[in-house]
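Residue numbers (this note's numbering), protein chains in the order written: chain A, 7 to 339; chain B, 7 to 339.
Ideal Cβ placement from N, Cα and C applies to all residues, glycine included.
There are 2 protein chains.
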Amino acid sequence: MARATPKTTIIDVAKRAGVSLATVSRVMNGNPSVDPVLAARVRDAAAELDYTANPLARSLVLGRTQTVAVVVPDLGNPTFQTILRGLSRAAAADGYHVLIADSAEQVGEERSLAVEARRRTDGLVLCAPRMPDGELGELLAEVQPVVLVNRIADETIPTVAADYQTPLHELVKHLYDLGHRRIVYLAGVARSASNSARLAALSAFRAEHPETELIELSSGVDFDSGAAAVDAVIATGATAVLAFNDLVAMGLLSAVAARGIRVPEQLSIAGFDDIPFARYTSPPLTTASVPAIALGELAWHALHATLTHDDAPRSVRLEPQVVVRASTGPAHR
Amino acid sequence: MARATPKTTIIDVAKRAGVSLATVSRVMNGNPSVDPVLAARVRDAAAELDYTANPLARSLVLGRTQTVAVVVPDLGNPTFQTILRGLSRAAAADGYHVLIADSAEQVGEERSLAVEARRRTDGLVLCAPRMPDGELGELLAEVQPVVLVNRIADETIPTVAADYQTPLHELVKHLYDLGHRRIVYLAGVARSASNSARLAALSAFRAEHPETELIELSSGVDFDSGAAAVDAVIATGATAVLAFNDLVAMGLLSAVAARGIRVPEQLSIAGFDDIPFARYTSPPLTTASVPAIALGELAWHALHATLTHDDAPRSVRLEPQVVVRASTGPAHR
DNA sequence: CTGTTAGCGCCTTCAT
DNA sequence: ATGAAGGCGCTAACAG
Chain A
7 MARATPKTTI
17 IDVAKRAGVS
27 LATVSRVMNG
37 NPSVDPVLAA
47 RVRDAAAELD
57 YTANPLARSL
67 VLGRTQTVAV
77 VVPDLGNPTF
87 QTILRGLSRA
97 AAADGYHVLI
107 ADSAEQVGEE
117 RSLAVEARRR
127 TDGLVLCAPR
137 MPDGELGELL
147 AEVQPVVLVN
157 RIADETIPTV
167 AADYQTPLHE
177 LVKHLYDLGH
187 RRIVYLAGVA
197 RSASNSARLA
207 ALSAFRAEHP
217 ETELIELSSG
227 VDFDSGAAAV
237 DAVIATGATA
247 VLAFNDLVAM
257 GLLSAVAARG
267 IRVPEQLSIA
277 GFDDIPFARY
287 TSPPLTTASV
297 PAIALGELAW
307 HALHATLTHD
317 DAPRSVRLEP
327 QVVVRASTGP
337 AHR
Chain B
7 MARATPKTTI
17 IDVAKRAGVS
27 LATVSRVMNG
37 NPSVDPVLAA
47 RVRDAAAELD
57 YTANPLARSL
67 VLGRTQTVAV
77 VVPDLGNPTF
87 QTILRGLSRA
97 AAADGYHVLI
107 ADSAEQVGEE
117 RSLAVEARRR
127 TDGLVLCAPR
137 MPDGELGELL
147 AEVQPVVLVN
157 RIADETIPTV
167 AADYQTPLHE
177 LVKHLYDLGH
187 RRIVYLAGVA
197 RSASNSARLA
207 ALSAFRAEHP
217 ETELIELSSG
227 VDFDSGAAAV
237 DAVIATGATA
247 VLAFNDLVAM
257 GLLSAVAARG
267 IRVPEQLSIA
277 GFDDIPFARY
287 TSPPLTTASV
297 PAIALGELAW
307 HALHATLTHD
317 DAPRSVRLEP
327 QVVVRASTGP
337 AHR
C-alpha cells in the first residue's frame, strides 16, 4: 500500500525551473514580485510535475489549515444532518474543508471530541452541545474561534439558533384554538437547550390558560420513542399531542394508526422541525419548520467572518414557521 | 480573535521538566527507554502545562494525519448519511478523524474534491462515485489508499458494496407473483452504478418473463421526482411501480394518495433502501433493506486495514433483504 | 527581483 | 539512558 506517487516537492519544481525554492513559493502564492518570464517557467515546471504544495507543511508554517470542525450530538438526527450539509457546502464554496465529529449523544465525550477536533482545524462549530453550562463555558474559552448552533451561552460567542419557544407556543395555541383542552407534550432529550425552550413555552401557555391541561410525558427523539409512547398517550385521555420532533410524531402516528385511531379525528398530532418527510406522512404532519440549511450556512458565515476579517460576527436567531397540515384538527366531543 | 492560549510546545515541557525535548518526545510516545523518574517528571510537567503534541507538526514529520476523507455524491441522501455515520463512528473508535466532502451530485467536482481531500488525509473512501469508469480508474491510482463503496472498479481496489441487482430482481419477482404484468421502473441517477445494476436485473427478468411489460421511466432520486412522475405512471396503465429508492416511492405514494388512488389495491409501489421512514409511511413501504451502517463500518475497516497492517483487505458484498410490507398487493382486475 | 536562511513543532537517527 | 542535530515541506523575513 505504498503511496501512488513518491510525492513531488517544491524542491523538484525549483530544480526543474532552475530557480530557488523561494521563487517557486512566491509564484505558487501569486506574489506579484516575480519576473513574468521566471514565473511562467515555474508554472510550467509545476504543471509538468503536477505539483501542489503539501497542505500539511503549509498549515504548519502558516498556522492555518483551511479546515473547520463540526461537532454534532447525533449524526443520525435529520436536523443535524441538514445543518451539516448547509455548513459543508457553504464552507466548500469558500475553499474550506470540514472535519466531522459525532458525539453519539455521549455527553461525556463532547469536550474531548471538540478539543481534539479543534486542534487540527482553524475553528469549531458546536451544534447543540448537551453538556452543562459551566463546562460549556470552559470549553468555549478553550476552543475559540467557535460558533454555537442552537444553544445560547456567553454573549461574546457568535451564535446561530432557531427559536424553539415561540413556534411551540404557537403550536399549542393552534391546538387550543381547535378546542383541545387536554394536551400531551412528549419531551425529548432532557439536556438539550431546545427542550428547555419548549418547556418554557408550555409554562407560559399554562399561565395564560390555566383551564388547559398540559401533560408532560418523557419520551425520546426518534421513531421508536414516539411509537412506544402510544399507550401512555392514550391513557391520559388527551385529544392532542405535541411531539418533541417530527420523528417522534411519525412514530406515534404510525402506532396510533395501528390501533385504528384516526388522526386528526380522534387525536391531533403535531411535530417539530419539518423534516422533508413530514409532508409525506398520512396525514401530512402539522409542524414548525426549522430552517436547518440556513442554520448551517449562517454558522459557517459567522465562523468564516471571525477567521478572515477579525470582526466578531453578530449572533442571529431564526424564526421557525408553523405549518399547519392535516394531522391536527378540531377536538372531538 | 487571538487564540485562546498562546500554545504550549514541547520546549516548554522540556524546560519545566529540566530535560531535553527529545526525552519529552520519547515519554509522550511511550518509548520505554526512559528513566522512570525522568519520565514521571516529564509527565507531570506535561500535565501541569496541559500539553498535547501539535497534531500538525506530528503529521508533517510522521507522514500521517490520523484522518481519512469521505467523498459522497449527496449529503442529503439518507443512504449516504447513514454510511457516513457508520464510518465516522467506526473510525472514531480507532482514534481517527473524518473529513467530509460533498460533491452535491456535481460529477465534474468529484475528482478535485477527492484529490484535495486525500492530500490532507491518510486515505480516502469514495462513496458511489458518479464519474465514468475511465476517469475513476485514473483517480483511484492517484489517491491510494482508497476504498470504494457501492461501486465496482479494479479488482485491486478494496470495495464494499451492496448488491442492488439480486434484491431488485426479487422485488420484480414479488410483483410478478402478485399477478402484476405491467410494471413501471422509475430510474434514478443515470450515472450511478446502482442504477445500472437495477437495469441489469430488469433485463434479466425480461428474458425470463417475456410476457411481462417492464416500462422504464426516467425520474430522480428524491421526493419531488417521485411525486412528479405520478401522471406518467398513471398514463402507462401499470399496476405496480418499482421506485429507484424509498424517497421516490414516498413521493409517488403521496401524489398518488392525493389523486384518490388506493395503494396497494389500485397500485402497488415498492421502494429501495429501507430508510428508517419506510416503515412509517401509509401504507408501510415494501422495499429492500440496504445495510448502510454496515457498509460504512466495513468501509472503515477495509481502509484501516490497509493503513495499519499492510495487507490488502478483501472486498465484501452485502446482500440487501427484501422486506414486504403493505404497499404491494395483488394486481387488480 | 531573486536567493539564502531561519524557523513552524515535532520525531528520530546519531553520538555520548 | 539522554542530548544534539537534522530534517518533514513550506513560507517569510533578510540580504543582495
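Contact check for A:Phe-278 against A:Ala-249 passes: the beta carbons are separated by less than 8 Å.
For the pair B:Leu-55 and B:Thr-14, the CB atoms are nearer than the 8 Å cut-off. For A:Leu-68, the nearest beta carbon of chain B is not closer than 8 Å to its own beta carbon. Look at A:Met-34: its C-beta is not under 8 Å from any C-beta on chain B.
Beta-bridge analysis with DSSP links B:Ala-249 to B:Leu-192. In the three-state scheme derived from DSSP, where H, G and I count as helix and E and B as strand, B:Ile-158 is classed as coil.
Interface criterion met: the Cβ of A:Gln-87 is under 8 Å from a Cβ in chain B. Nearest C-alpha to A:Arg-331 among A:Ala-308, A:Ala-199, A:Leu-142, A:Thr-292: A:Thr-292. In terms of Cβ geometry, A:Ala-167 and A:Arg-323 form a close pair [threshold 8 Å]. Around A:Arg-187, the same chain offers Thr-218 as residues with beta carbons nearer than 6 Å, after the five sequence neighbours per side are excluded. Classified as exposed, B:Ile-17 has fewer than 16 neighbouring CB atoms from the shown chains inside 10 Å of its CB.
Contact annotation: in the segment 320-336 of chain A, no residue has its CB less than 7 Å from a CB in chain B. B:Ser-200 is the residue among B:Ser-200, B:Gly-243, B:Val-239 whose C-alpha sits nearest the C-alpha of B:Leu-174. Membership of B:Gly-143 in any beta strand (DSSP E) is not indicated; the residue belongs instead to the alpha helix (DSSP H) covering 139-149. Within the segment 72-86 of chain A, the residues whose Cβ lies closer than 8 Å to any Cβ of chain B are, in chain order, Thr-73, Leu-81, Gly-82. By a beta-carbon distance limit of 8 Å, A:Val-77 contacts A:Glu-116. Their separation comes to about 7 Å.
Residues of chain B with a Cβ closer than 9 Å to the Cβ of A:Ser-260 are, in chain order, Arg-285, Tyr-286, Thr-287, Ser-288, Pro-290. Nearest CB-CB separation between B:Phe-229 and chain A: below the 8 Å threshold. B:Gln-72 and A:Asn-60 have their C-alpha atoms roughly 16 Å apart. Scanning B:Ile-267, B:Arg-265, B:Phe-283 for the CA closest to the CA of B:Met-256 turns up B:Phe-283.
Between the segment 82-95 of chain B and the segment 152-161 of chain A there are fewer than three C-beta pairs closer than 8 Å, too few to call the two in contact.
Shown here for A:Ala-244: same chain residues with a beta carbon closer than 7 Å to its own, the five before and five after excluded, namely Arg-188, Ile-189, Val-190, Ile-221 in chain order.
In this structure, DSSP gives A:Val-30 a helical state, which the three-state scheme calls helix.
The Cβ-Cβ distance between B:Val-104 and B:Val-74 falls below 8 Å.
Contact between B:Ala-305 and B:Val-67 does not hold, since the beta-carbon distance rounds to 28 Å and is not under 8 Å.
Rounded to whole angstroms, the Cβ separation of A:Ala-246 and A:Ser-274 is 4 Å, and the two are in contact under 8 Å. In the structure shown, B:Leu-184 adopts coil according to DSSP, grouped into three states. Straight-line spacing of the CA atoms in B:Ala-207 and B:Leu-177 works out to 10 Å.
Considering only B:Val-48, B:Glu-144, B:His-310, B:Pro-135, the residue with the shortest C-alpha distance to B:Leu-27 is B:Val-48.
For A:Val-227, the secondary structure class from DSSP, reduced to helix, strand or coil, is coil. A:His-315 sits exposed, since fewer than 16 C-beta atoms from the chains shown fall within 10 Å of its C-beta. B:Gln-327 counts as exposed, since fewer than 16 other C-beta atoms from the protein chains shown sit within 10 angstroms of its C-beta. In the DSSP assignment, A:Gln-87 falls within the alpha helix (DSSP H) that extends over 84-99. At a cut-off of 8 Å between beta-carbon atoms, B:Met-137 makes no contact with chain A.
If you check the CB distance, B:Asp-50 and B:Asp-80 do not come in under 8 Å.
B:Arg-323 sits in a strand when the DSSP states are folded into three classes.
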